[in-house]
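Presented below is the structure to which this report refers.
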Amino acid sequence: MLFLQLLLGGLQTGALYALTACGFALIFGATKVFHFAHGASFTLAGYLFLLMWNNGYPAWLGVLAAILVATGFGVAMERFVYRPIQRHEGGFFTVFVAAFGVSLVVQNLVGMWAGRGFVVADSTLSRATEVLPEVFLAPVFWVSLAVAAVLFLALGLFLTRHPAGVALRALAQNSDLIRAYGLSSHRLSLLAFALGSALAAPAAVLTAITTGMNEAVGHHVMLISMAATIVGGVGSLKGAALAGLSLGVAESVVLNFADPQWAEAASFVVLFGFILFRPSGLFGHAVAR
Amino acid sequence: MTAYLANLATLAAIFGILAATLNVAVGYAGIFSVAHAVFFGLGAYAGAQLALLLVPDALLAMLVAALVAGGLSLCLALPALRVRGEYFVAASLGLQMMATTLFTEAKGLTGGMGGLVGIPRPMVLGFEVPTLALALAALVLILLATWLMARGSFGRTLRAIRDAESAAEALGKNINAAKALAVAFACAGAGVAGALFALHMSFVNVESFTLDQSVLVMAMVIVGGTGTLWGPLLGAVLLLSLPAGLSFLPFIPPTEIGAVQQIIYGAAMTLLMIFRPAGLLGDMRTGRKA
Amino acid sequence: MSGATHPLVCRDLSISFGGVKAVQGVSLALPTGKVLALVGPNGAGKTTLFNLITGNLRADAGEATLDDESLIGLKPWQVARRGVARSFQDLRLFTHMTVRENALAATERGSWFWQTGDAKARAARVEAALEATGLSSLAESRAVDLAYAERKFLSMARILAAEARIWLLDEPASGLDLASRIRFAALLRAATARSVTICLIEHNLDVVAELADEIAFLDRGVVLAVGEPQAILRDKALAAIYFGERVA
Ligand SMILES: Nc1ncnc2c1ncn2[C@@H]1O[C@H](COP(=O)(O)OP(=O)(O)OP(=O)(O)O)[C@@H](O)[C@H]1O
Ligand SMILES: [Mg+2]
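First to last, the protein sequences are chains A, B and C. Heads up: the first sequence begins at 1 in the working numbering, then just goes up one per residue. Heads up: the second sequence begins at 290 in the working numbering, then just goes up one per residue. Heads up: the third sequence begins at 580 in the working numbering, then just goes up one per residue.
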């Protein structure tokens, strides 16, 4: 029964990781920007939701605000940080350092303003009941799974049916091609940032009402998203989502048998192994070079 | 006051070594490691254990630290030879996170969170010497070595690889050997800095060897200017004097100094990348394609 | 066809990428001290053939030998150290290094901290290479700051400085004006006079006619003809393929 409990807990975490990772993978695939400040979208969304929740605003308003702030942040990063750097032909490391700088600023501003340490939005959704002998589940488990499922379905439909979605996928496969067809790659990359960042918001809200937020959570989420994107295979959203889910489950299992830091280390052993032995990831085609 | 300044100067020299050696990897070889603190830590633990268990001989400690860190640099060289770009950054991040955990958990070797305490004062040939002198001497030697390297054939090989790897290989250069050597040099240097750090502080624990530290050293290199001789040193001095300078500002509560400092260097990194990617001392023409 | 008269020999080299048979059963031998021109339409597999010889690609079948020793399985730098130098269609200069450093890097084989051999002789080779390519006055300019033709000559200077016995040149003369082409031709003649063996990829048939001692015609990965320049250049069927009037 312990195993089942761990598996379910892992699925819940994993669903949220999958959403965030998918956002990161979408951005990386379509724009080739290694959006290392993706975790900051997550942090901002989670904390804004917490703020509104604790001040008695209705939940839907909090969720909306969270989505808006995450999206706004992603778009602002594209517009004011990444694009200027790319305009003067900055390499990937320039982009990485700039993004890292921003995430440091966000993390510490949030820490100064909201205090350090964990804060949880208290909600009836996270009250666990015994559903099977020795297996406890809170309603938020179903909510997380449902939200993830609905969002993945919607994203899938958008990417296959809507012209802009199709263009995004095409951009992920071959950016020269898209330019040749005269599609505005600037607008598409804004779209990628908006969508990808928005995906982090629901995950952040759900995290805020379950395990809670701390100012460094964005960092952890970012590393997991990056690991999931590479393990899943760059360019494959399915791969990123699946890898995010597996990392969540693995983390939950390891957490039960070892100290928390081993859980994160385990993810990185997996990541390191993939980079060394299968850099194209689970579903990737081209070898990363 | 002199003790305070001597302490600051010693730390500046130690971080100057760290930044200068990271610059060899980042600025010359184009190997963008965010795991430099790992090798700093390896050197620190190796030096500390040597001083605690055998002799507090500074030269021996630095030598052993360089060997340990240089030897284990293979962990970084391996991914550097297989992947590049974002993938290598990700791999080095992974290495950093794994190492932090290992440093915390391998209590027998590192003392875990509690760290290693009571590291004896350093001796050279039986005489006690101030760590400042040791650190400055090591810094000068390492700067000299990087300078010689940068203008010699090895520096040329590394820059050739950075500009056009396949062309360098077509001219008979063993790319893997050159990269592995550059990484080993950088990591061994970080090891030396680590040993000095342990002997200077007479206490080390994992908190000095985390991702934050790696990022701080990276920021030093970038703020000063990658691929330049003096840039990393300037960056080290600037970023180290930041907390000292901030503590003189009355309106910042002491508990927030750490956060304010991180905000300042985070913002500095971002703004520099947007407006002056080559760093303060960098040549604008070369710095762009970092 | 091997050993003394033909130092570099390919036998039945083949490689395909997915469904594309880029090079199929190519057999060629480069005669010592001569220029063999490799001609053929875009996508014929010329660059791929170079990549197979230099170890940048691994052949599916066949082999390439240098002085009867197989090159298959060697890394590009190992092939280079056996005396095979190549240029790239897209040049791949060391863009942020000066012209002199580009040439100097070509003389330095050691990948470690030191170089073996006579440093003075290397420096002299660099100056000679810059002189021969007309780049002496630009020695301190960066490669990025050079004009088009100067870049092409810098790519040649690297090869000259490398002091190889075999040169594999991938469209080194494309886009050069007449004066530059004359200088380029002089470079090749001086090299063959020193018994350097050259394989030259070139689309301009005037250049080919002027420089080639032998022509190999490649199309869709297959060598359709090898022989005297006059014979190949006069062949109507080959001309039809080359100028795109393909019948079949
Ligand atoms: N690494 C590769 N992966 C996949 N296909 C390749 C690769 N290299 C070459 N090809 C394909 O092999 C064929 C031959 O290419 P190659 O570059 O050798 O032609 P080429 O004769 O040099 O042409 P050009 O005159 O345009 O330079 C082309 O169809 C090309 O698309
Ligand atoms: Mg070609």
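All C-beta atoms in this analysis are idealised placements derived from N, C-alpha and C, irrespective of residue type, glycine included.
- [ ] Using a Cβ-Cβ cut-off of 8 Å, state whether B:Ala579 counts as contacting chain A.
- [x] Residue 579 of chain B sits at position 290 when you count from the first residue of the second sequence. With a pLDDT of only 38 at B:Ala579, under 50, the local geometry of the prediction cannot be trusted, and no value is derived from it.
Task: Shell residues, 7 Å Cβ cut-off relative to heavy atoms of ligand 2 - done: C:Lys625, C:Thr626, C:Gln668, C:Asp749, C:Glu750 and C:Ile780
Task: Exposure label - C:Thr695; buried when at least 16 CB within 10 Å - done: Looking up residue 695 of chain C in the third sequence gives position 116. The residue in question, C:Thr695, is exposed, as its Cβ has fewer than 16 Cβ neighbours within 10 Å.
TODO: Decide if C:Gln809 is buried, meaning its Cβ has at least 16 other Cβ atoms within 10 Å, or exposed.
DONE: As a first step, residue 809 of chain C is located in the third sequence; it is residue number 230 there, counting from the start. With fewer than 16 Cβ atoms within 10 Å of its Cβ, C:Gln809 is classed as exposed.
Task: Residues of the segment 518 to 541 of chain B whose Cβ lies closer than 9 Å to any Cβ of chain C, in chain order - done: none
Open item on the list: Between B:Leu370 and chain C, is the shortest Cβ-Cβ distance under 8 Å, so that the two count as touching?
Closed with: As a working mapping, residue 370 of chain B is identified with position 81 in the second sequence. So no, B:Leu370 is outside the interface.
Open item on the list: Taking a contact to mean a Cβ-Cβ separation below 8 Å, would you say C:Thr644 touches C:Pro610 in this structure?
Closed with: Numbered from 1 along the third sequence, position 65 holds the residue referred to as residue 644 of chain C. Numbered from 1 along the third sequence, position 31 holds the residue referred to as residue 610 of chain C. Result no, Cβ atoms of C:Thr644 and C:Pro610 do not sit closer than 8 Å.
Open item on the list: Pop quiz: A:Phe92 and A:Phe34 are said to be a contact at Cβ under 8 Å. What is the actual Cβ separation, rounded to whole angstroms?
Closed with: Looking up residue 92 of chain A in the first sequence gives position 92. Looking up residue 34 of chain A in the first sequence gives position 34. Indeed they touch by this definition, with Cβ atoms about 6 Å apart.
Open item on the list: Our contact map puts C:Leu717 next to C:Ala736 with C-beta atoms below 8 Å; I'd like the distance itself, whole angstroms only.
Closed with: Position 138 of the third sequence, counted from the first residue, corresponds to residue 717 of chain C. Position 157 of the third sequence, counted from the first residue, corresponds to residue 736 of chain C. 10 Å between Cβ atoms; not a contact.
Open item on the list: Can you pull out the residues from the segment 690 to 715 of chain C whose beta carbon lies closer than 7 Å to at least one beta carbon of chain B?
Closed with: Ser690, Trp691, Phe692 and Gln694
Open item on the list: Quick check: what's the CA-CA separation for A:Glu264 versus A:Val150?
Closed with: Start at 1 with the first residue of the first sequence, and residue 264 of chain A comes out as number 264. Start at 1 with the first residue of the first sequence, and residue 150 of chain A comes out as number 150. For A:Glu264 and A:Val150, the distance between alpha carbons rounds to 28 Å.
TODO: Quick one: grab the DSSP three-state call for B:Met402.
DONE: Stepping through the second sequence from its first residue, residue 402 of chain B is reached at position 113. If DSSP states are grouped into helix, strand and coil, B:Met402 belongs with coil.
Open item on the list: With a threshold of 7 Å on Cβ separation, who are the neighbours of B:Ile431 within its own chain once the five nearest residues in sequence on each side are excluded?
Closed with: Locating residue 431 of chain B in the second sequence gives position 142, counting from the first residue. Only Ile306, Ala309, Thr310 and Gly478 meet the Cβ criterion.
- [ ] Could you list which residues in chain A have their beta carbon closer than 7 Å to that of B:Phe321, in chain order?
- [x] Position 32 of the second sequence, counted from the first residue, corresponds to residue 321 of chain B. Phe93, listed in chain order.
Open item on the list: For ligand 1, is there any heavy atom lying closer than 7 Å to the beta carbon of C:Val599?
Closed with: Start at 1 with the first residue of the third sequence, and residue 599 of chain C comes out as number 20. At least one heavy atom of ligand 1 is nearer than 7 Å to the Cβ of C:Val599, so yes.
Task: Same chain only: Cβ atoms within 6 Å of B:Ala388, ignoring 5 sequence neighbours per side - done: Position 99 of the second sequence, counted from the first residue, corresponds to residue 388 of chain B. Here the set comprises Val327.
TODO: Return no unless some Cβ of chain B is closer than 8 Å to the Cβ of C:Glu687.
DONE: By one-based count along the third sequence, residue 687 of chain C stands at place 108. Yes, contact with chain B.
TODO: With 8 Å as the threshold, decide whether the Cβ of C:Trp746 is near any Cβ in chain B.
DONE: Looking up residue 746 of chain C in the third sequence gives position 167. So no, C:Trp746 is outside the interface.
Task: Sequence-distant residues of the same chain with beta carbon closer than 8 Å to A:Asn214, five excluded per side - done: What you label residue 214 of chain A is simply residue 214 of the first sequence in a count that begins at 1. Around A:Asn214: Arg116, Gly117, Phe118 and Val119.
Task: 7 Å Cβ cut-off: residues of chain B touching C:Glu648 - done: Along the third sequence, one-based indexing puts residue 648 of chain C at 69. None at all; the shortest Cβ gap to chain B is about 17 Å.
Task: Minimum C-alpha distance to B:Leu529 - residue among B:Thr517, B:Gly547, B:Leu518 and B:Thr559 - done: Taking the first residue of the second sequence as 1, we reach residue 529 of chain B at position 240. Looking at the Cα atoms, B:Gly547 is the closest of the given residues.
- [ ] Report the neighbours of A:Gln261 on chain B: residues whose CB is nearer than 8 Å to its CB, in chain order.
- [x] Indexing the first sequence from 1 puts residue 261 of chain A at position 261. In chain order: Thr389, Thr390, Thr393 and Glu394.
Open item on the list: Between C:Asn783 and ligand 1, is there a pair consisting of the residue's CB and a ligand heavy atom that are separated by less than 7 Å?
Closed with: Here residue 783 of chain C is taken as the residue at index 204 of the third sequence, counted from 1. The answer is no for C:Asn783.
Open item on the list: Using beta carbons (cut-off 8 Å, strictly below), is B:Glu375 in contact with chain A?
Closed with: Here residue 375 of chain B refers to the residue found at position 86 when the second sequence is read from its first residue. Yes - at least one Cβ of chain A is within 8 Å of the one on B:Glu375.
Open item on the list: Taking only three categories from DSSP, how would you classify B:Ala579?
Closed with: Your numbering for residue 579 of chain B matches position 290 in the second sequence. Model confidence at B:Ala579 stands at a pLDDT of 38, short of 50, so the residue's coordinates are unreliable and nothing is read from them.
- [ ] Could you please give me the residues that DSSP links to C:Asp798 through a beta bridge?
- [x] Translated into positions along the third sequence, residue 798 of chain C becomes position 219. Bridge partners of C:Asp798: C:Val801.
Open item on the list: Can you tell me whether C:Arg671 is helix, strand or coil according to DSSP?
Closed with: For the purposes of this step, residue 671 of chain C is taken as the residue at position 92 of the third sequence. Reduced to three states, the DSSP call for C:Arg671 is coil.
Task: C:Trp746, DSSP secondary structure in three states - done: Counting from 1 along the third sequence, the entry for residue 746 of chain C is found at position 167. Strand at C:Trp746.
- [ ] Give the range of the beta strand (DSSP E) segment to which C:Arg665 is assigned.
- [x] Here residue 665 of chain C refers to the residue found at position 86 of the third sequence. Start and end: Val663 to Arg665.
TODO: Determine the extent of the alpha helix (DSSP H) in which C:Ile777 is found, giving its start and end residues.
DONE: Reading the third sequence from its first residue, position 198 is the one you call residue 777 of chain C. Element bounds for C:Ile777: not the alpha helix (DSSP H) but the beta strand (DSSP E), Thr776 to Ile780.
Open item on the list: Can you determine whether any heavy atom of ligand 1 sits closer than 7 Å to the C-beta of C:Phe596, and answer yes or no?
Closed with: The residue you call residue 596 of chain C lines up with position 17 of the third sequence. Yes; taking the cut-off as 7 Å, the Cβ of C:Phe596 has a heavy atom of ligand 1 nearer than that.
Task: Nearest residue (CA-CA) to A:Thr43, options A:Ala65, A:Ile27, A:Trp60 and A:Ala59 - done: Counting from 1 along the first sequence, the entry for residue 43 of chain A is found at position 43. Taking only the C-alpha atoms, the option nearest A:Thr43 is A:Ala65.
Open item on the list: If I measure Cβ to Cβ from C:Gly806 and keep anything under 8 Å in the same chain, skipping five residues before and after, which residues do I get?
Closed with: By 1-based counting over the third sequence, the position of residue 806 of chain C is 227. Excluding positions up to five away in sequence, the list reads Glu793 and Ile794.
Open item on the list: At the level of alpha carbons, what is the spacing between A:Val105 and B:Ile552?
Closed with: As a first step, residue 105 of chain A must be located in the first sequence, where it is residue number 105. As a first step, residue 552 of chain B must be located in the second sequence, where it is residue number 263. Cα to Cα, the separation comes out at about 5 Å.
Task: Distance, B:Lys462 Cα to B:Thr499 Cα - done: Position 210 of the second sequence, counting from 1, holds the residue named residue 499 of chain B. Position 173 of the second sequence, counting from 1, holds the residue named residue 462 of chain B. Taking the straight line joining both Cα atoms gives about 35 Å.
Task: Residue range of the beta strand (DSSP E) that includes C:Gln603 - done: Against the third sequence, residue 603 of chain C aligns to sequence position 24. Taken as a continuous stretch (DSSP letters only), the beta strand (DSSP E) holding C:Gln603 covers Val599 to Leu609.
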